[in-house]
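Quick note, the sequence shown lines up with residues 1 to 194 if you use full-length UniProt numbering.
Even glycine gets a Cβ: it sits at the ideal position worked out from N, Cα and C.
Note that the structure is a prediction, hence the values are computed from the model and not measured.
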Amino acid sequence: MLMGLAIMLLTKSRGPVLALVITLILLSLYRRKIEDGILCAAILAVAVVIFSFTNVSEVLLNRAADPNYRMEIWGGSLRLFADNWLLGQGFGHQAAIEYGGTVATHSHSSLLEILRVGGVVGFALFVLMVFSIFYGSMLRKVNPFFAFWFIYGVLCLATNGRLVLSRPTIEWFAFWLPLFFALYSSARVKHEQV
Numbered sequence: 001m002l003m004g005l006a007i008m009l010l011t012k013s014r015g016p017v018l019a020l021v022i023t024l025i026l027l028s029l030y031r032r033k034i035e036d037g038i039l040c041a042a043i044l045a046v047a048v049v050i051f052s053f054t055n056v057s058e059v060l061l062n063r064a065a066d067p068n069y070r071m072e073i074w075g076g077s078l079r080l081f082a083d084n085w086l087l088g089q090g091f092g093h094q095a096a097i098e099y100g101g102t103v104a105t106h107s108h109s110s111l112l113e114i115l116r117v118g119g120v121v122g123f124a125l126f127v128l129m130v131f132s133i134f135y136g137s138m139l140r141k142v143n144p145f146f147a148f149w150f151i152y153g154v155l156c157l158a159t160n161g162r163l164v165l166s167r168p169t170i171e172w173f174a175f176w177l178p179l180f181f182a183l184y185s186s187a188r189v190k191h192e193q194v
């Protein structure tokens, strides 16, 4: 687990790091334990020290100011969505998103890809599914690990990724695997309660 965290930090990928921070905050709010508060305070203190005595803040500001192709792709994806906003472009429709003289074949965001392909109807069904799985896991008092792993995966896919329905890809480890385990553990607890 620590090795995976180290690799994520070494790749300097901001999306998964931000998704991890948001997921840990949600987990701390869910658990409401004193240890979580102490851990959050310690992480905040370390962050303050790092930002005070290193040039990390300057590096982050420079990186944020750099031209980002992803924003152009996301804007192009939203323009394609606007053309077919209700039902989307349909499953199997190849995107042709132009940015900086190049063409992207997907939105570089699974959430925007779902919006582009499924429109408002498909995206609403997706959000309903995510909410019902998370809420069902919390309601049945199952081990929250899989539900929070699922939320982490959805947040990661918000900044990167393709359509999660098309074919087995790396996105499946961030979406379908925790989804399966969350549903399985929730169904198991429900069956044991009967």
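Cβ neighbours of residue 138 within its own chain (closer than 8 Å, five residues either side excluded): 30, 144, 147. Residue 22 and residue 178 have their C-alpha atoms spaced approximately 17 Å apart. Per DSSP, residue 48 lies in no beta strand (DSSP E) segment; the continuous alpha helix (DSSP H) that holds it begins and ends at 34 to 53. In the DSSP assignment, residue 95 falls outside any beta strand (DSSP E) and carries neither an H nor an E. The criterion of a C-beta distance shorter than 8 Å is not satisfied by residue 133 and residue 165.
Between the C-alpha atoms of residue 16 and residue 192 there is a straight-line separation of about 35 Å. Taking C-beta separations shorter than 8 Å and ignoring five residues to either side along the sequence, the partners of residue 122 in its chain run 87, 88, 114, 115, following chain order.
Here residue 157 is actually not in contact with residue 131; their C-beta atoms are around 16 Å apart, not less than 8 Å. Judged by their CB atoms, residue 110 and residue 161 are nearer to each other than the 8 Å cut-off. Taken through DSSP and simplified to helix, strand or coil, residue 17 comes out as helix. Pairing residue 73 with residue 107 gives a Cβ-Cβ distance under 8 Å.
Its chain contains 178 as the residues whose beta carbon lies nearer than 6 Å to that of residue 149, once the 5 sequence neighbours on both sides are disregarded; these appear in chain order. Where residue 159 is concerned, the enclosing alpha helix (DSSP H) starts and stops at 145 to 159.
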